[in-house]
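Some notes on the structure that comes next.
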Ligand SMILES: Cc1cc2nc3c(=O)[nH]c(=O)nc-3n(C[C@H](O)[C@H](O)[C@H](O)COP(=O)(O)O)c2cc1C
């Protein structure tokens with residue numbers, strides 16, 4: 003009898019030796035005279051378990067992890083292929099509290115199916131949303147998206163249905179859909195996981211979007227730092243094309259080229275057009291005049307990937323989940339020094355403290371948490387005193403922070419918050435597209451000013467200058483790169499002022 | 090190990106450019122393809138792309154120099170991208186960075202004198218719960234400590 007094994011090929015599993023583990027498994031099976039079939043899946047998303055090896059048994063799938071290649075022989079001898087006891091055995095993965103507490107809609111298949119098997123996808127309910135959409139008028143699809151309450155998952159949280167309606171109503175010689183898979187925020191990996199673990203879901207969402215707005219061409223702009231995701235998306239599209247599934251129009255993967263600002267939608271459009279990734283002034287909105295001047299729907303990977311579920315299960319079911327004006331599920335990404343780092347999909351509304359302390363179980367290092375940066379490099383640093391803030395766009399904004407793309411980076415008590423503020427400004431300076439002065443020059447002046455404070459040169463006036471610079475950047479920048487860099491800087495200053503003192507002062 | 094870059098060949102370059110020229114907004118795909126073939130995008134290559142796409146040399150040059158990924162001179166045999174972003178910082182990336190730059194004797198953007206490896210910064214590789222993380226050529230490596238870090242440095246120097 004052949005044993006079926008499952009080992010992720012998600013980049014986070016490859017990065018800790020998943021391929022070596024598969025090689026060792028094949029070898030050990032040969033030696034033991036056992037026949038095995040290894041299915042390469044995406045990751046379920048609890049990264050401390052990677053590489054996670056699962057075996058199919060009569061009681062369902064049994065997991066072992068984290069497995070290192072040199073433990074494989076011992077594991078096989080202990081009976082891995084039959085699901086036997088071992089200290090690395092975690093039982094059925096879905097029974098672990100980290101997974102049992104989730105509401106997986108978008109990530110329901112991730113880590114479970116073969117991402118490039120159309121049969122697996124169909125057998126697990128795939129294309130049900132597209133089938134429904136194909137029987138609906140474009141306006142009815144737009145109404146469903148509006149009724150779901152879905153907001154853009156790329157960072158700004160703009161209501162998806164309203165954007166879709168604008169593109170549907172816009173006139174142009176042709177229309178485009180541009181999927182933003184630039185995922186540049188540190189602390190985020192959900193787009194990557196989805197593209198590597200369930201690419202057909204994104205393709206299904208794209209086809210529905212194309213039908214709804216009347217676009218005959220779509221692009222997926224994938225950052226070049228994600229070679230595996232780009233590869234899996236490309237292969238998935240080839241399979242769909244071959245199966246005649248791209249009835250609405252062709253979808254093409256395009257690679258970014260290492261510019262963070264190209265995640266900003268108008269810079270992304272410039273880049274797709276083959277130009278420098280410089281931000282465009284708005285208006286016109288991309289929905290009216292986007293790619294090549296034509297009406298263009300720009301949505302994040304997770305926004306589009308939520309669409310099939312919204313159509314198949316009904317918008318009411320989606321809207322029933324959530325908190326305040328944040329409806330549906332959020333793909334919370336626990337990152338940094340956190341024990342249970344990974345992907346936690348849950349309705350909006352858990353508090354920041356519940357997420358990092360209960361779900362994340364605190365730091366991996368065992369040190370106390372000092373700060374959590376939420377929403378990427380343009381997001382605020384939250385101190386423990388704000389851990390009661392619910393995960394919700396408005397609640398985070400009320401604390402001068404943002405939910406962004408859903409990343410939470412946990413820092414322990416060794417962090418130097420002045421160093422983090424300096425980094426935020428340095429990052430802005432490195433990544434600025436250069437089009438507007440507040441961002442291009444403000445960030446450089448900001449770095450110099452933090453350095454002056456730390457050197458103890460006129461700290462009072464320097465602190466005032468930083469606040470002044472932040473003000474200019476916030477109100478004078480063309481896009482949110484310059485406009486939001488003040489969030490990490492000011493949150494560090496306001497919540498952790500003790501770190502902004504020259505060494506001699508701090509010693510006093 | 091990535092295949093060694095091919096020596097400059099104008100006819101081959103023209104062929105690559107023409108193969109992509111029909112794409113909408115073809116310049117980035119062309120630059121990626123040229124760099125994959127020749128290891129970098131020389132001024133000659135950029136000028137040829139401009140000529141075939143019928144855009145100005147200045148425009149092609151402007152695009153070439155805007156993006157961090159595109160190189161105008163050949164890299165080492167390996168390209169090591171080390172993540173410097175916040176989530177990796179929270180997991181000890183600054184220590185790893187000091188170790189790697191010290192061990193290789195180069196800073197970011199530099200190539201070792203034996204041309205083994207070019208060290209580049211990356212701002213997030215999406216391995217944010219398993220940092221510190223790196224990309225050696227196109228292979229992701231994470232939890233950089235102990236033996237895995239030693240091996241990465243050895244592989245990069247190979
Ligand atoms: C500097 C900057 C970087 C951004 N990076 C991304 C990104 O990587 N992915 C993304 O989806 N949105 C990013 N955004 C937000 C986009 O501009 C845009 O709001 C989003 O793609 C719209 O899709 P959504 O409505 O589905 O969220 C970025 C914005 C800024 C200002």
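Protein chains in written order, with my numbering: chain C, 3 to 510; chain X, 90 to 247.
We treat Cβ as the ideally placed atom computed from N, Cα and C, and that holds for glycine.
Residue 100 of chain C and residue 217 of chain C have their C-alpha atoms roughly 39 Å apart.
Annotation: residue 167 of chain X has no Cβ neighbours in chain C at a cutoff of 7 Å; minimum Cβ distance is about 15 Å. A contact between stretches requires three or more CB pairs, one per stretch, nearer than 8 Å, and the segment 431–448 of chain C fails this requirement with the segment 341–360 of chain C.
Here the distance from the Cβ of residue 380 of chain C to the nearest heavy atom of ligand 1 is below 8 Å. In this structure, the CA atom of residue 493 of chain C is about 29 Å from the CA atom of residue 231 of chain X. Of the other Cβ atoms in all chains shown, 16 or more fall within 10 Å of the Cβ of residue 127 of chain X; this residue is therefore buried. Listed along chain X, no residue sits closer than 7 Å to residue 431 of chain C by beta-carbon distance, the nearest being about 12 Å off. Under the 9 Å criterion on CB atoms, residue 244 of chain X is classed as non-interfacial with respect to chain C. In this structure, residue 262 of chain C has its CB closer than 8 Å to one or more heavy atoms of ligand 1.
Among the residues facing chain C, residue 238 of chain X is not included, as its CB has no counterpart in that chain under 9 Å away. Within the segment 283–315 of chain C, the residues whose Cβ lies closer than 9 Å to any Cβ of chain X are, in chain order, 293 and 294.
For residue 152 of chain X, the residues of chain C that pass the 8 Å Cβ criterion are 276, 277 and 278, in the order they occur in the chain.
Using a Cβ distance threshold of 9 Å, residue 412 of chain C and residue 394 of chain C do not count as a contacting pair. Taking C-beta separations shorter than 6 Å and ignoring five residues to either side along the sequence, the partners of residue 250 of chain C in its chain run 209, 212 and 213, following chain order. Counting along the chain, residue 252 of chain C sits inside the beta strand (DSSP E) bounded by residues 252–257. Taking 8 Å as the cut-off, the C-beta of residue 153 of chain C counts as close to a heavy atom of ligand 1. If you check the C-beta of residue 475 of chain C against ligand 1, you find no heavy atom less than 8 Å away.
Under the three-state reduction of DSSP output, residue 236 of chain X falls in the helix class.
Straight across, the Cα-Cα distance linking residue 119 of chain X with residue 145 of chain X is about 15 Å. Any Cβ of chain C closer than 9 Å to the Cβ of residue 158 of chain X would place that residue at the interface, and such an atom is present. At least one CB of chain X lies nearer than 9 Å to the CB of residue 190 of chain C. Sorting C:352, C:186, C:193 and C:457 by C-alpha distance to the C-alpha of residue 105 of chain C places C:352 at the top. 112, 113, 114, 115, 116, 117, 118, 119, 120 and 121: these are the residues of the segment 112–127 of chain X whose beta carbon lies less than 9 Å from some beta carbon of chain C, given in chain order. Going by DSSP, residue 56 of chain C is part of the beta strand (DSSP E) stretching over 55–59.
Secondary structure note for residue 38 of chain C: it is in no alpha helix (DSSP H), and the uninterrupted beta strand (DSSP E) holding it is 37–43. Contacts between residue 94 of chain X and chain C, judged by CB atoms closer than 8 Å, are missing: the closest CB pair is about 17 Å apart. When Cβ pairs closer than 8 Å are counted between the two stretches, the segment 154–169 of chain C is seen to touch the segment 297–309 of chain C, the count reaching three or more. Closer than 8 Å at the C-beta level to chain X, one finds these residues of the segment 28–55 of chain C: 49, 50 and 52. A residue is called buried once 16 or more other Cβ atoms fall within 10 Å of its Cβ, and residue 37 of chain C, having fewer, is exposed.
Contact annotation: residue 445 of chain C and residue 484 of chain C have beta-carbon atoms nearer than 9 Å. Cβ-Cβ distances below 7 Å link residue 102 of chain X to 123, 134 and 137 in the same chain, with the five nearest sequence neighbours on each side left out; the list follows chain order. Taken through DSSP and simplified to helix, strand or coil, residue 320 of chain C comes out as helix.
Here the alpha carbon of residue 190 of chain X sits roughly 52 Å from the alpha carbon of residue 144 of chain C. Contact between the segment 231–242 of chain C and the segment 167–185 of chain X is absent: fewer than 3 CB-CB pairs across the two stretches fall below 8 Å. In this structure, the CA atom of residue 285 of chain C is about 9 Å from the CA atom of residue 291 of chain C.
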